[in-house]
Amino acid sequence: MHRIRRLSAALTVAGVVGVAAPAVAGATSLVTISGATSSYPLVSLLAAKYVKLHPHKIRFKIAQGGTTVGINDVKAGSVTIADVAQEPTSADADLDFYPIAKYAICVVTNKANTLANLTSAQVSAIFTGKDSSWSQIPGASASGPIEVFTRTSVAGVLTSFKSLLLEGKSVVKSATEEATEGLMRQAVENAPGGIGFLSNYQADKGGLNSVSYNGVACNKTTAASGQYAGVSVFFEVTKGPASGGAAAFIHWIDQSGAAKKIIASQWVPIG
Amino acid sequence: MSAVAVHSGRTRGRRSSPMSWRWSDRLALAAAWLAGLSLCLIAAAIVLYMGYRGIQYLRPGMIFERPQVSADQAGSGGFLDPLLGTIVVSAIGIAIAMPLAVASAVWITEYGQGGRVSRSLARVVESSIEIVAGTPDIVIAIFGLAVFQLPLLAPLSFQAEGGGVFGRSFIAAGAMMSLLALPPLYAATRDGLQAVPAQMREAAFALGKTRITTVRRVLLPSVRSNIATGTTLGISRIVGSTAIVLILLGSTLRIETQGAVPVVNLLRGTGSSLTTYVYENSPAGEGAAPEKAYAAAFVLLVLVLALNVAIERLGRGRRDVVSSVI
Amino acid sequence: MLERLKRPWPDHRAERTLGAVSLLVGVVIVAMIAFVAVRSWPIFQHNGLRWLGGGGDFEAEIARMNAATAHPTAADYQLRAWPLLYGTLLSTAIAVVLGIAIAVLASVFIVELAPRRVSRVVIPVVRLLASVPSVIYGLIGILVLVPFVGNHLVSEGDRRSVLGVVQLTGAGLAPTVAILTVMITPIMIALVCEALEAVPPSWKEGAVALGLNPLRAVRAVTLKAIRPAIVAAAVLATARALGEAVMIQMVSGGKTFAPNLDHGVPVFLFEPLRTLASAILDFREGIGSPSLKAAVYSFSLLLLLSAFVLSVGGYLVKLPLRRYQARA
Chain A
41 MHRIRRLSAA LTVAGVVGVA APAVAGATSL VTISGATSSY PLVSLLAAKY
91 VKLHPHKIRF KIAQGGTTVG INDVKAGSVT IADVAQEPTS ADADLDFYPI
141 AKYAICVVTN KANTLANLTS AQVSAIFTGK DSSWSQIPGA SASGPIEVFT
191 RTSVAGVLTS FKSLLLEGKS VVKSATEEAT EGLMRQAVEN APGGIGFLSN
241 YQADKGGLNS VSYNGVACNK TTAASGQYAG VSVFFEVTKG PASGGAAAFI
291 HWIDQSGAAK KIIASQWVPI G
Chain B
416 MSAVAVHSGR TRGRRSSPMS WRWSDRLALA AAWLAGLSLC LIAAAIVLYM
466 GYRGIQYLRP GMIFERPQVS ADQAGSGGFL DPLLGTIVVS AIGIAIAMPL
516 AVASAVWITE YGQGGRVSRS LARVVESSIE IVAGTPDIVI AIFGLAVFQL
566 PLLAPLSFQA EGGGVFGRSF IAAGAMMSLL ALPPLYAATR DGLQAVPAQM
616 REAAFALGKT RITTVRRVLL PSVRSNIATG TTLGISRIVG STAIVLILLG
666 STLRIETQGA VPVVNLLRGT GSSLTTYVYE NSPAGEGAAP EKAYAAAFVL
716 LVLVLALNVA IERLGRGRRD VVSSVI
Chain C
1058 MLERLKRPWP DHRAERTLGA VSLLVGVVIV AMIAFVAVRS WPIFQHNGLR
1108 WLGGGGDFEA EIARMNAATA HPTAADYQLR AWPLLYGTLL STAIAVVLGI
1158 AIAVLASVFI VELAPRRVSR VVIPVVRLLA SVPSVIYGLI GILVLVPFVG
1208 NHLVSEGDRR SVLGVVQLTG AGLAPTVAIL TVMITPIMIA LVCEALEAVP
1258 PSWKEGAVAL GLNPLRAVRA VTLKAIRPAI VAAAVLATAR ALGEAVMIQM
1308 VSGGKTFAPN LDHGVPVFLF EPLRTLASAI LDFREGIGSP SLKAAVYSFS
1358 LLLLLSAFVL SVGGYLVKLP LRRYQARA
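Note that the protein sequences, when read in sequence, are chains A, B and C.
Position in the first sequence (from 1) plus 40 gives the number in this note's numbering.
Position in the second sequence (from 1) plus 415 gives the number in this note's numbering.
Position in the third sequence (from 1) plus 1057 gives the number in this note's numbering.
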């Protein structure tokens, strides 16, 4: 009697495990993403739409951390796709970059500061620390020392900003580093003498003064037409060619009308 | 005369008026009053401000709506998933902590008083629990990450394509939360067991019961309210913890299950808690929706206050074991 | 088999099972120290103990670690984390000193001076403050205190005086220490109150009989008698302050900078800082990079060891308390 009970208990456990294991293995495919905070809103929206259109086939786990973190994660195999907000470098030879949208990098100041335009020389001078007071900047209604906000070193937007709008120079060491775009926006919104840089999606949210660069305003239209100088690309990056669920997702972003609608709402479509 | 227990502050008798004191004493008096009252003021300010902001931003529907992914976080969705996440993590934490805490308390009070070996082992266990109590949340979280990212424990979260174990799931967070709840539960149970008078045990032994049966049938039922108090203390510690959830729960806005087996997929899944929801919506996270942060923080504060009241009620209603026997 | 499990166990089996379960906690502690130490070894290997010192550019070192590949070179492990240690020690020390002063005063108020009705209100208030989650303290800090400091307390002159060195945004030492003090004081009050009530009333009555006024009697006699309790409370509060990560990360300004007294007092208080615990939170997402992972684990190791030392210290300090049968 006891032996039968023992046997049946063992069989039940084996049965549960036996059923569970293949069930777990053959479940919906899981795509993990990490990387840029600037493309996170876009990728989240795209992923949500994709899941809605293909229910029970795929799931996404989207983390952030910054472009460099994403690249490291995808190289190490911890994630399937990396969100990247900067151009590929020589170190990324074994990675495949798939562009999904373009974005403009806007220089922003506090709303109370009605600075309308900055030349490239002025932008360089401000962000490298050469000009440290608002009185040195004609057209600025703020006064006092300039508070420069920048991004942490892992940010793709920072890398793109430096190469496109800062002539390759480095931001002044005393600048306050913010870890995400949201934090950068908060910081400039709360500092009357603040200045920083954001993707156009964040800059357009209101609450900040977007500054023209060399006379060209920073928005979707000027970015699409090529007038605005500071335009960079959001990439989805995989280690080697994308495969499986990741490939289907990236292909869908490239081809489907729904994806294009999402991209066009706040960002600049590729091509 | 000395047998009368008199509260030292109440034996004033003929009081000397502060007007006759030295300046330094008067200053000290003022400082003491200031300290006491400013604490009250700060507490009132916190509660009133959170209440004001909460009422301003909390729509009752938010508690039952799921969070929405949208470009404009401020307008959409509620925080049902984070609230559920808090509940699930607390449940897992207590489920793991309770057997551990009760077993340790029973062992130390009933079996750990014996020979030299068991007494030194008892001291080891007591010190370990004290060390766990003193360990910062964030170190426990990092330790949890180290453990659950071992390839051996991959089934407890999931394994990414390239072989990296994710290491973050409800079971990971819950297991580490149990370390938070363990010390208060253990202390409450141990105090309760120590307060049970020897007569109850001796009566059971006289009836021929073994020690373990006495524990099961006599002692544990009589310390039920202590265990309840300890559990509530543990839950309030778990509910208030942010660091462990930030690091170990995978930070997905909604609860995402992992796999197909019904309960197991929740354990392996990721999610968020009320505390991380407040954090992520504050200017320290994405900062996109301070209104949501205030609303969720208000709910969190109400929850913690309710737990506090529960602790006090349970403590007061505790059956005084001594008086019930004599 | 199941039948045998359901029958009451003999005592020796029960004892051994319960003992094994209890010792699991000890195993967890050992595992904690082992795991964290092993994973932080690369930092010690490449820096020796010099990583605790200064002289390097911390932010650049972290940037380098983030950019390092899966096979880091020796240079990728370079770390000089003194600013973190300094920030931790500074914020903790100030908060604990302030906290002890306020806690002792408030405890004397609750136990000795306040009328019963007022005590009955203040005690639940203290318990409330102790149970508010740290994220709510952080929320109020970052939404109320930091803008207040940044917009109303920091003057333009202050900002100019550190131009080019660091920016004063309001988030920094002042809000951090203020909120940290509020967080740790209730814990100390609970301990000190218990100790005050355990002091035999005859001691104070003797002092009053000799002509001291009640408050002076407390100062002369009772406070000296509860010195071990004050130290135990300070140890407990220090442990709590060291481990505070979330609140500090929200209000400390997130810049690895060592607040410099040479800049003068108000400016010194407004400068940003970073502590070990807040650094762990800040870098948690970059933990995929092996060198940054080792760095984060080494910060955890420091915190773990200090918690350990404080636990032992706390135990040693509580021994004299047994004299007064005060449960601490």
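Each residue gets a CB set at the ideal place from its N, CA and C atoms; glycine is no exception.
Cβ-based burial, residue i [other Cβ within 10 Å; buried from 16]
i                   : result
Pro-1257 of chain C : exposed
Asp-123 of chain A  : buried
Tyr-467 of chain B  : exposed
Pro-62 of chain A   : The predicted model places Pro-62 of chain A with a pLDDT of 41, which falls under 50 and marks its position as unreliable; any figure quoted below should be read in that light. Looking at its Cβ environment, which holds fewer than 16 other Cβ atoms inside 10 Å, Pro-62 of chain A is exposed.
Met-1089 of chain C : buried
Val-676 of chain B  : buried
Phe-620 of chain B  : exposed
Val-1087 of chain C : exposed
Ala-180 of chain A  : buried
Thr-216 of chain A  : buried
Spatial distance of residue i from residue j (CA atoms)
i                   : j                   : result
Thr-190 of chain A  : Glu-229 of chain A  : 14 Å
Leu-238 of chain A  : Val-147 of chain A  : 7 Å
Pro-1204 of chain C : Gly-1227 of chain C : 6 Å
Val-1249 of chain C : Thr-524 of chain B  : 28 Å
Lys-209 of chain A  : Lys-202 of chain A  : 6 Å
Thr-644 of chain B  : Leu-600 of chain B  : 8 Å
Met-513 of chain B  : Thr-625 of chain B  : 23 Å
Ser-78 of chain A   : Arg-1096 of chain C : 32 Å
Thr-1313 of chain C : Leu-1141 of chain C : 7 Å
Gly-607 of chain B  : Leu-1280 of chain C : 31 Å
Val-1366 of chain C : Ser-533 of chain B  : 25 Å
Ile-235 of chain A  : Arg-225 of chain A  : 10 Å
Pro-747 of chain B  : Met-465 of chain B  : Missing from the structure shown is residue 747 of chain B; chain B here goes from 416 to 741 and no further.
Terminal residues of the beta strand (DSSP E) in which residue i lies
i                   : result
Leu-473 of chain B  : Unbroken run through Leu-473 of chain B: none, as it is neither H nor E.
Asn-249 of chain A  : 248 to 253
Ser-272 of chain A  : 271 to 279
Lys-115 of chain A  : Element bounds for Lys-115 of chain A: not the beta strand (DSSP E) but the alpha helix (DSSP H), 107 to 116.
Ser-1335 of chain C : Element bounds for Ser-1335 of chain C: not the beta strand (DSSP E) but the alpha helix (DSSP H), 1333 to 1339.
Val-148 of chain A  : 135 to 150
Thr-72 of chain A   : 69 to 75
Gly-15 of chain A   : Because chain A is modelled from 41 through 311, residue 15 of chain A falls outside the range shown and cannot be assessed.
Asp-123 of chain A  : 121 to 124
Sequence-distant residues of the same chain with beta carbon closer than 8 Å to residue i, five excluded per side
i                   : result
Gly-1300 of chain C : Ala-1334, Leu-1360 and Ala-1364
Gln-1135 of chain C : His-1103, Asn-1104, Gly-1113, Glu-1118 and Arg-1121
Leu-82 of chain A   : Ile-140, Ala-141, Tyr-241, Phe-274, Ile-302, Ile-303, Gln-306 and Trp-307
Asp-171 of chain A  : Gln-162, Ala-165, Ile-177 and Ile-186
Lys-151 of chain A  : Glu-229, Gly-247, Leu-248 and Asn-249
Boundaries of the alpha helix (DSSP H) in which residue i is found, first to last residue
i                   : result
Leu-718 of chain B  : 705 to 731
Ile-1119 of chain C : 1115 to 1124
Ser-1188 of chain C : 1173 to 1188
Ala-357 of chain B  : In the structure as shown, chain B begins at 416 and stops at 741. Residue 357 of chain B is therefore absent and cannot be evaluated.
Gln-1224 of chain C : Run containing Gln-1224 of chain C: none; DSSP gives neither H nor E here.
Met-1089 of chain C : 1068 to 1104
Gly-1263 of chain C : 1258 to 1266
Gly-1144 of chain C : 1139 to 1165
Ser-640 of chain B  : 639 to 654
Residues near residue i in its chain [Cβ-Cβ closer than 6 Å; skip 5 each side]
i                   : result
Leu-715 of chain B  : Leu-689
Gly-196 of chain A  : Ala-76, Thr-107, Val-124, Ala-125 and Gln-126
Thr-1233 of chain C : Ser-1148, Ile-1305, Val-1308 and Ser-1309
Thr-1242 of chain C : Gly-1156, Ile-1159 and Ala-1160
Thr-220 of chain A  : Thr-77
Pro-1316 of chain C : Leu-1230, Phe-1325, Glu-1328 and Leu-1330
Same chain, Cβ closer than 7 Å to residue i, neighbours up to 5 away in sequence not counted
i                   : result
Glu-480 of chain B  : Gly-492, Gly-493 and Leu-495
Leu-1269 of chain C : Ala-1277
Ser-1346 of chain C : Met-1122, Asn-1123 and Ala-1125
For this session: Pick out the complete alpha helix (DSSP H) segments inside the segment 160 to 224 of chain A, 4 residues or longer, and give them in chain order.
Result: The qualifying runs are 160 to 168 and 196 to 205.
For this session: For the segment 508 to 558 of chain B, list the beta strand (DSSP E) runs that are entirely contained and at least 3 residues long, ordered along the chain.
Result: Runs of the beta strand (DSSP E) lying entirely within the segment 508 to 558 of chain B, each at least 3 residues long, are absent.
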